[in-house]
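In the UniProt record's numbering, the protein residues as written are 1 to 96.
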């Protein structure tokens, strides 16, 4: 069974690219080379390159391990933390 390619709309791809750039800047602020981060995250250097480009085909675990190496693992908890739409839908359901 082959993996299905993820399709990301262009405006959303920009968000991934910004996240990749943020990760790259965090690495550079810590004065870590790409090779150091890749080795510590137990990923290939090319995978780190793809992460820093915001590639949607990279496994979320690889993104997490890079954030862990950079000391930013708690930022992962911020993903979907404020589910404004979900809360509104839940509130509408309570009114029934």
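Don't be surprised by glycine CBs; every beta carbon is placed ideally from N, CA and C.
{"query": "Where residue 42 falls: helix, strand or coil (DSSP)", "result": "coil"}
{"query": "Minimum length 4: unbroken alpha helix (DSSP H) runs contained in the stretch 63-96", "result": "84-94"}
{"query": "Residue 86 versus residue 93: straight-line alpha-carbon distance, rounded", "result": "11 Å"}
{"query": "Endpoints, the alpha helix (DSSP H) within which residue 24 is located", "result": "10-29"}
{"query": "Sequence-distant residues of the same chain with beta carbon closer than 8 Å to residue 12, five excluded per side", "result": "none"}
{"query": "Integer Cβ distance of residue 46 from residue 62, believed to fall under 8 Å", "result": "Contact doesn't hold; Cβ gap of about 11 Å is too wide."}
{"query": "CB contact flag (residue 65, residue 81, <8 Å)", "result": "no"}
{"query": "Cβ-based burial, residue 29 [other Cβ within 10 Å; buried from 16]", "result": "exposed"}
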